[in-house]
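Numbering (the working numbering), first residue to last: 259 to 486.
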């Protein structure tokens with residue numbers, strides 16, 4: 259699933275079950291601390307995906323320790339993103355010389371909990387979702403929107419080091435192309451000397467999971483996803 263929404267120079271790896279044999283580096287064990295067995299398997303399995311992606315980039319496997327913000331700290335010269343939800347773990351990595359940032363997110367394909375949509379979606383987005391639901395009611399468009407918002411944050415944060423609220427970005431979904439556009443409603447990051455005004459990304463649904471991805475490069479001041 260993940261590789262299908264990423265450009266060729268990004269290596270994506272995924273798992274649909276945890277790997278009890280997945281190893282952790284000492285620094286990762288220290289960062290994880292005392293947690294449940296399930297949390298340890300989730301933590302180790304998504305890092306197994308990340309290390310397989312490192313191999314795809316021609317790099318040696320390395321630890322991935324969370325920073326104080328919780329964002330993964332990648333080896334020098336690497337950009338990446340990880341995601342995990344029930345029944346799914348994934349990582350996507352690229353050389354920093356190829357891309358500025360990556361954001362991926364996965365969620366179970368089901369409705370958002372009651373009351374959540376109003377907290378994360380703008381009025382224009384809620385109207386957009388209602389229109390989409392009329393055309394394809396089997397898709398949980400609220401969850402597609404949510405994953406796109408999460409991918410936006412993950413792509414944004416490495417560029418700015420600043421928080422981004424759910425309503426600081428307005429998203430439009432394209433149901434036919436499986437893409438989405440993001441219009442930033444706050445000051446965008448400076449990349450290559452230009453303020454960037456938005457993102458675009460791709461999404462897909464399979465195995466009961468919604469997955470979205472943004473890969474960031476610059477063309478004419480607009481952040482965009484590179485098409486396969």
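Cβ coordinates follow ideal geometry from the N, Cα and C atoms, glycine included.
Comparing alpha carbon positions, the residue from 416, 378, 327, 423 closest to residue 403 is 378. Here residue 358 is buried, its C-beta having at least 16 other C-beta atoms within 10 Å.
Taking one beta carbon from each stretch, the region 334-351 and the region 378-398 have fewer than 3 pairs nearer than 8 Å; the two do not touch. Residue burial annotation: residue 277 is exposed, with fewer than 16 other C-beta atoms found within 10 angstroms of its C-beta. If you draw a straight line from the Cα of residue 273 to the Cα of residue 347, it comes to about 5 Å. Straight-line measurement puts the Cα of residue 305 at about 15 Å from the Cα of residue 325. Annotated as proximal: residue 458 and residue 438, with beta-carbon spacing under 8 Å.
DSSP, reduced to helix, strand and coil, places residue 363 within a strand of the structure shown. Runs of the beta strand (DSSP E) lying entirely within the region 310-344 and spanning at least 3 residues, in chain order: 336-343.
Going by DSSP, residue 273 is part of the beta strand (DSSP E) stretching over 269-273. Every alpha helix (DSSP H) stretch that sits fully inside the region 269-306 and reaches 4 residues is listed by chain position as 284-290.
Closest in C-alpha terms to residue 331, from the list 430, 444, 412, comes 412. Per DSSP, reduced to three states, the secondary structure at residue 397 is coil, with no helix or strand assignment.
For the pair residue 436 and residue 269, the Cα-to-Cα distance works out to about 20 Å. Beta-bridge pairing by DSSP links residue 346 to 343. The alpha carbon of residue 442 has as its nearest neighbour, out of 462, 374, 406, 434, the alpha carbon of 406. Residue ranges of uninterrupted beta strand (DSSP E) with 3 or more members, entirely inside the region 365-434 and ordered along the chain, are 427-432.
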